[in-house]
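Q:
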Amino acid sequence: MKNSFVLYFDQVDIFKKLPPEQAKNLILKIFEYAETFEPNSIKDPIVDIAFTSFKTALDRDFAKWKVQCKVNAENGARGGRPKKSEITHSVNSVTKKANLTEKSEPNRKKPIV
Numbered sequence: 184m185k186n187s188f189v190l191y192f193d194q195v196d197i198f199k200k201l202p203p204e205q206a207k208n209l210i211l212k213i214f215e216y217a218e219t220f221e222p223n224s225i226k227d228p229i230v231d232i233a234f235t236s237f238k239t240a241l242d243r244d245f246a247k248w249k250v251q252c253k254v255n256a257e258n259g260a261r262g263g264r265p266k267k268s269e270i271t272h273s274v275n276s277v278t279k280k281a282n283l284t285e286k287s288e289p290n291r292k293k294p295i296v
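In the working numbering, each residue carries its 1-based index in the sequence shown increased by 183.
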């Protein structure tokens with residue numbers, strides 16, 4: 184199970200507009216829902232309305248996370264990332280050496296032909 188969730192900066196305005204007691208109730212309901220994904224009744228109609236936007240975002244993010252977990256599991260079952268071939272490895276080492284040479288001589292001017 185997932186052990187974290189995301190709150191977005193564009194949601195902070197909701198907290199700023201609520202009185203402290205309602206903001207506290209809202210964040211507690213968000214944590215409760217993120218942990219169980221079971222909707223519980225909210226007695227305060229203002230908190231209930233505010234919670235709806237958070238619930239939608241949490242559901243969307245959780246669905247996206249589940250898809251990513253499935254993709255990762257399938258990739259892992261296939262052995263993960265394929266090993267680099269010997270040719271690719273040698274080409275990369277030559278490229279890295281060329282890049283290091285260029286970086287070590289940054290002020291060298293190229294001759295005008």
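Even for Gly, the Cβ is constructed at its ideal location relative to N, Cα and C.
1) Kindly indicate which three-state DSSP category residue 226 falls into: helix, strand or coil?
2) Skipping 5 residues on each side, what residues in its chain have a beta carbon closer than 8 Å to that of residue 229?
3) Measure the Cβ-Cβ separation of residue 237 and residue 213 and say whether it is below 7 Å.
4) Between which residues of its own chain and residue 189 is the CB-CB distance below 7 Å, once the five residues before and five after are set aside?
5) Between residue 234 and the rest of its own chain, which residues show a CB-CB distance below 8 Å, the 5 nearest in sequence each way excluded?
A: The relevant details are as follows:
1) Within the sequence shown, residue 226 is the residue found at index 43, counting from 1. If DSSP states are grouped into helix, strand and coil, residue 226 belongs with coil.
2) Here residue 229 refers to the residue found at position 46 when the sequence shown is read from its first residue. Cβ neighbours of residue 229 beyond the five flanking positions: 201 and 205.
3) Taking the sequence shown and counting its residues from 1, the one referred to as residue 237 is at position 54. Taking the sequence shown and counting its residues from 1, the one referred to as residue 213 is at position 30. Yes, Cβ-Cβ distance for residue 237 and residue 213 is below 7 Å.
4) In the sequence shown, counting from the first residue as 1, residue 189 sits at position 6. Excluding sequence neighbours, residue 189 sits near 244.
5) Within the sequence shown, residue 234 is the residue found at index 51, counting from 1. Correct list, in chain order: 209, 212, 213, 216 and 225.
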